[in-house]
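Since the structure comes first, as structure tokens, the remarks are kept for the end.
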Amino acid sequence: MKMDLNKYSQWLGHKGPVYTLALIDEHSFVSAGSDGLIIKWTPDNPVQGLVIAQTGEQIFCSHYISSASLLVLGTMSGYLLAIDLKQQILLHKIDLSCGSVFSIQSDDQFLYVATQSGVLIVFNHLLESVNQLAISNLSLRCIAINHTDHQIYVASSDKHVYIINPIHLSVRSQIQVAQHSIFSLAYSAESKRLYIGSRDARLYVYQMLEKPELIKTIDAHLFTINDMLIDPSKQILISASRDKTIRIWDLQSFELLKVIDQKYEAHRNSVNKLLYLGQSNLLISASDDRSVMGWKLHSINTKYDTNG
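Using the numbering used here, the first residue of the sequence shown is number 1, and each one after it goes up by one.
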């Protein structure tokens with residue numbers, strides 16, 4: 001398979017690094033970062049973004065709960081913010097008292113929040129705190145949810161991925177992965193593989209058996225892998241790094257298909273977050289360079305192209 005692409009658009013409006021993106025639907029998404037602005041965009045209109053809120057906080061992560069039309073954001077100072085997107089009002093500002101908030105994910109019932117203090121905090125979709133679990137003495141950096149097997153994967157700066165039973169909210173087991181902090185996770189339900197991105201720039205692939213098995217280690221980037229996502233329809237994994245590049249991998253063979261770099265007028269600084277609009281084949285990326293960019297992906301069944 002060969003992966004081709006073209007630069008689709010660029011969304012400008014932030015005054016500082018952009019750390020997070022959240023998909024609202026196939027026609028809109030939001031971006032946020034160090035300037036505290038929450039901006040809503042439509043893919044076909046890069047000029048006119050709608051400023052939903054000015055929070056006065058550095059926003060590290062975000063997550064949209066579609067059933068409640070609720071945008072939930074985590075801040076550097078340790079607050080959880082909840083914005084009603086229909087009314088465009090701030091409904092909640094919760095002081096977690098657990099340091100910075102690094103990741104937010106949800107399932108059908110609960111919202112899971114990873115904090116700097118090493119505590120995983122659980123809320124219902126009304127943003128009522130229902131439980132919490134002290135997992136590590138170091139930061140919890142990211143969360144991935146295995147909806148099929150009812151497991152939550154939580155990665156920490158202590159070099160471990162913790163496998164959590166969400167029913168009892170307990171640590172079922174753990175994987176010692178890297179030599180450095182783990183910054184990103186992506187789970188493939190189809191292959192039952194967990195992809196782990198580290199500050200050591202390596203990508204670790206585990207087959208999630210009863211006892212997880214390391215099946216591949218890839219020198220994927222030059223610096224920290226900040227984010228990853230999977231497109232199961234195209235059988236690709238996409239990674240973003242502090243080395244300023246986005247890389248596209250074959251999900252099964254682990255072959256490098258494409259590098260998005262300055263050849264494509266890509267980001268000038270660290271790429272922090274990725275978002276994918278599958279119906280329109282649009283990859284969206286956010287960076288320290290204050291910009292959000294869009295890329296149209298096209299896959300062609302031919303031999304691999306690793307030369308950009």
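Using N, Cα and C, we set each Cβ at its ideal position, and we do this for glycine too. Computed from a predicted model, the values in this text were never measured in an experiment.
Paired residues, beta bridge with residue i - DSSP
i	result
E213	Q207
N226	Answer is none; N226 lacks a bridge partner.
L140	S156
L275	I284
C61	G74
V259	R247
K296	N6, L282
V18	G33
R193	S188, Q207
For residue j and residue i, believed in contact at Cβ under 8 Å, the rounded distance
i	j	result
V271	I284	Going by Cβ atoms, the distance from V271 to I284 rounds to 11 Å, so no, they are not a contact pair.
I206	I218	The question names Ile, but residue 206 in the sequence shown is Tyr. Contact flag wrong, Cβ pair sits at about 13 Å.
L251	Q235	4 Å
D261	K244	7 Å
R290	G74	Contact flag wrong, Cβ pair sits at about 20 Å.
V30	S62	7 Å
Same chain only: Cβ atoms within 7 Å of residue i, ignoring 5 sequence neighbours per side
i	result
Q309	Nothing about residue 309 can be read from this structure; the chain reaches only from 1 to 308.
G78	D95, L96, S97, C98, G99, S100, V101
A220	A201, R202, L203, S239, R247
T224	F183, R199, A201, S241, R242
S66	none
S233	G278
K296	L5, N6, Y8, N281, L282
Reference residue i; option with closest CA among the options
i	options	result
K86	I52, S191, M208	I52
L71	I164, Q279, K40	K40
Y153	I143, H147, K159	I143
L140	L185, F123, L277, V130	L185
F254	I145, K263, I238, Q262	I238
Q176	K159, L194, T148	K159
Q279	C61, H27, P17	H27
G56	P46, A68, M76, D44	M76
N269	V47, L275, D288, L277	D288
S173	L277, Q105, K211, S191	K211
G197	N124, N45, A286, L222	L222
I6	A266, Y276, H147, L277	Correcting the residue type first, residue 6 is Asn in the shown sequence and not Ile. Comparing Cα positions, the closest option is A266.
I83	L127, L120, N131, E213	L127
Q10	A22, V30, N45, L21	N45
V47	D149, D25, H14, L21	H14
Close Cβ partners of residue i (< 8 Å) along its chain, the five nearest in sequence each way excluded
i	result
S156	G118, I135, S136, L138, S139, L140, R141, Y162, S181, I182
S170	L133, I164
T302	Any reading at T302 must be qualified, since the residue scores a pLDDT of 45, below 50, and its modelled position is unreliable; the value itself is stated next. So the list reads M1, K2, once near-sequence residues are dropped.
Cβ neighbours of residue i in the same chain (closer than 6 Å, five flanking residues each side left out)
i	result
S188	I230
Q151	I163
Y19	G33, F60, N272
H125	I65, A68
> Counting Cβ pairs, one atom from each stretch, are 3 or more of them under 8 Å apart for the stretch 103 to 110 and the stretch 87 to 94?
Replying inline: no
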